[in-house]
Amino acid sequence: MKIVVFGASGGTGINIVEQALAAGDVVTAFVRNPARLDLQHANLTLCQGDATDAAAVARAVAGQDAVISALGPSRPPVPGMMETAARNIVAAMRQHGVRRLISTTGAGVRDPQDRPTLVDHLMKGLLTLLAGAVLRDSAANVAVIRGSDLDWTIVRFPRLTDGPGTGKYRVGYLGKDSGMHVARADGADFVLKELRADKYIRQMPVVSY
Numbered sequence: 008m009k010i011v012v013f014g015a016s017g018g019t020g021i022n023i024v025e026q027a028l029a030a031g032d033v034v035t036a037f038v039r040n041p042a043r044l045d046l047q048h049a050n051l052t053l054c055q056g057d058a059t060d061a062a063a064v065a066r067a068v069a070g071q072d073a074v075i076s077a078l079g080p081s082r083p084p085v086p087g088m089m090e091t092a093a094r095n096i097v098a099a100m101r102q103h104g105v106r107r108l109i110s111t112t113g114a115g116v117r118d119p120q121d122r123p124t125l126v127d128h129l130m131k132g133l134l135t136l137l138a139g140a141v142l143r144d145s146a147a148n149v150a151v152i153r154g155s156d157l158d159w160t161i162v163r164f165p166r167l168t169d170g171p172g173t174g175k176y177r178v179g180y181l182g183k184d185s186g187m188h189v190a191r192a193d194g195a196d197f198v199l200k201e202l203r204a205d206k207y208i209r210q211m212p213v214v215s216y
């Protein structure tokens, strides 16, 4: 499968790229700074660009079978960056006839199927207090994708860790079948499995331990 990965140099993005290459996929890694992705492979192409640049995004999406967005907020945060990136990705996919999109976000972005516990409410309140603009931009990113006619899946993660992958994790909804953390390697594992299984089309599952 030919896949473009946006946010490929981030913690989750790197895991997705490495695991996709190991599975035999042909990967285009879209990154702002290629030096941050110290990886070489015959099936890997580095594409330098900014996800807020519509033309650059369109060039990267052309000819792909699927799109994975592991974009996270920039440091320092750029207002509206995540929402703009989503609009560019959706537009590029429509332009080039690419249907399948998997995007990742934090579990602080809610879904109607969630049943948040008191702890979940407290955690979101703290996140809103400390990084309200980032949370709102992430929610806007999700709203753009949900409003599209693409075959999308939004994969939500709680606190991400750098531990080794276990291959054992839960997939559910907040407060119904969710935990407080997950390793990036296991998050990437689910993203790539879902890319092939198409089990959660137009859904927003939480992946956690």
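Per this note's numbering, the very first residue in the sequence shown carries number 8; after that it's consecutive. Idealized CB from N, CA, C, for every residue including glycine. Source: prediction; values computed, not measured.
Count the other CB atoms within 10 Å of the CB of Leu-202; is the residue buried (16 or more) or exposed (fewer)?
Here the question's residue 202 lines up with position 195 in the sequence shown. Its Cβ being crowded by 16 or more others within 10 Å, Leu-202 is buried.
Beta-carbon separation of Pro-165 and Val-189 under 8 Å?
Along the sequence shown, read from residue 1 onward, the residue named residue 165 stands at position 158. Along the sequence shown, read from residue 1 onward, the residue named residue 189 stands at position 182. Yes; because the gap between Cβ atoms is below 8 Å, this pair is in contact.
With burial defined as no fewer than 16 other Cβ atoms inside 10 Å of the residue's Cβ, what is the status of Asp-169: buried or exposed?
Position 162 of the sequence shown, counted from the first residue, corresponds to residue 169. Classification for Asp-169: exposed.
Give me the Cα-Cα distance between Val-214 and Lys-183, rounded to the nearest whole angstrom.
In the sequence shown, counting from the first residue as 1, residue 214 sits at position 207. In the sequence shown, counting from the first residue as 1, residue 183 sits at position 176. Cα to Cα, the separation comes out at about 12 Å.
With DSSP run on the structure shown, which of helix, strand or coil describes Ala-190?
Indexing the sequence shown from 1 puts residue 190 at position 183. Strand, per DSSP.
What's the call for Asp-205, buried or exposed, on a 16-neighbour Cβ count within 10 Å?
The residue given as residue 205 occupies position 198 in the sequence shown. Exposed, since its Cβ has fewer than 16 Cβ neighbours within 10 Å.
Ala-15 to Gln-55 span [Cα, whole Å]:
Within the sequence shown, residue 15 is the residue found at index 8, counting from 1. Within the sequence shown, residue 55 is the residue found at index 48, counting from 1. Looking at the two C-alpha atoms, the distance is approximately 11 Å.
Need the endpoints of the alpha helix (DSSP H) that Ala-65 sits in, please.
Counting from 1 along the sequence shown, the entry for residue 65 is found at position 58. Segment 61-68, the alpha helix (DSSP H) holding Ala-65.
So the beta strand (DSSP E) Gln-55 belongs to, where does it begin and stop?
As a working note, residue 55 is residue 48 in the sequence shown. First-last of the beta strand (DSSP E) with Gln-55: 51-55.
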